[in-house]
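Worksheet: one structure, shown below.
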Amino acid sequence: MIVKVKTILLAALVAASFFPTMASAESPKPAPKQSKPAQAPKPAEIDKNGVLILVRSTLLALDQANKTGNYTVLRDLGAPGFQTNTAARLAEIFAYQRNQNLDLSGVAVLEPQLSMLPQIESTGMMHMAGFFPSVPTQIRFELLYAPVQGQWKLFGLSVSLGSSAPVAPSDAPAPSAAEQPKGGTGLRTSKPKT
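Mapping of the sequence shown onto the numbering used here: position 19 corresponds to residue 646, and the numbering continues sequentially without gaps.
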């Protein structure tokens, strides 16, 4: 069955600073005053197979939870911060996806394309994002993992669907030269010669 949904946004406990559009189980705590600026994310030391295992196992666990309506295993596989969600709360968060009978099992055989390579955030958590190039819709994901006893455990999850077809550019007028980014990276439309 083809699900004709423009976007489904689902979440399970994420720090608001990483995914402001996602639900958070804990109120954010005020950050301690720092004299130096926050560290920029740095590349995670994880190989391709490690990434595949994390992405596939997380999305397949979500798929099985959606199919059974039982979110206890998904919850128990997560980091302690993720486990602050009850199974009932996770069922609420993913209700729309479950009600649409969305089948995520294709992630077992498709190879994800990363739009954000795994990176370590200033909090020490690993953050990555990407999509599975399926047709007619793509499965998009954004994941956050916390280090727990030498393993990466799920801390945050967002899944959405989008069209895999190319999207035509909008009919918006081209930006003026003043609005163009420096370095010549702006796109300009050409006028037909008369």
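Quick reminder that beta carbons are idealized off the backbone N, C-alpha and C, glycines included.
Distance between beta carbons of residue j and residue i, contact taken as under 8 Å
| i | j | result |
| --- | --- | --- |
| Ser785 | Glu769 | 4 Å |
| Phe721 | Gln740 | With a Cβ gap of about 23 Å, Phe721 and Gln740 do not count as contacting. |
| Leu687 | Ala735 | 6 Å |
| Leu702 | Ala714 | Sequence check: residue 702 is Arg here, not Leu. About 6 Å; that satisfies the 8 Å criterion. |
| His754 | Gln746 | 6 Å |
| Met743 | Tyr772 | The pair is not a contact, with the Cβ atoms about 13 Å apart (cut-off 8 Å). |
| Pro598 | Glu748 | Past the boundaries of the shown model lies residue 598; the chain is included only from 628 to 821, so the question cannot be answered. |
| Thr685 | Leu781 | 6 Å |
| Ala692 | Val700 | 7 Å |
| Pro760 | Leu737 | 7 Å |
Paired residues, beta bridge with residue i - DSSP
| i | result |
| --- | --- |
| Thr846 | Here the chain has residues from 628 to 821 only, and residue 846 is not among them. |
| Ala667 | The partner list for Ala667 (beta bridge, DSSP) is empty, contrary to what the question assumes. |
| Gln727 | In the DSSP output, where bridge partners are listed per residue, Gln727 has none listed. |
| Ala773 | Lys780 |
| Gly757 | Leu741, Phe768 |
| Gly705 | Leu781 |
| Gln746 | Pro670, His754 |
Minimum Cβ-Cβ distance from residue i to chain B less than 8 Å
| i | result |
| --- | --- |
| Pro707 | No chain B is part of this structure, which consists of one protein chain only. |
Residue range of the alpha helix (DSSP H) that includes residue i
| i | result |
| --- | --- |
| Gly677 | 675–695 |
| Ala617 | No information on residue 617 is available, as it lies outside the stretch 628 to 821 that the chain covers here. |
Item to check | Segment contact, 8 Å Cβ cut-off, at least three pairs: the segment 724–738 with the segment 689–699 | outcome: yes
Checklist entry - Do three or more CB pairs link the segment 727–739 to the segment 705–718 at distances below 8 Å? => result no
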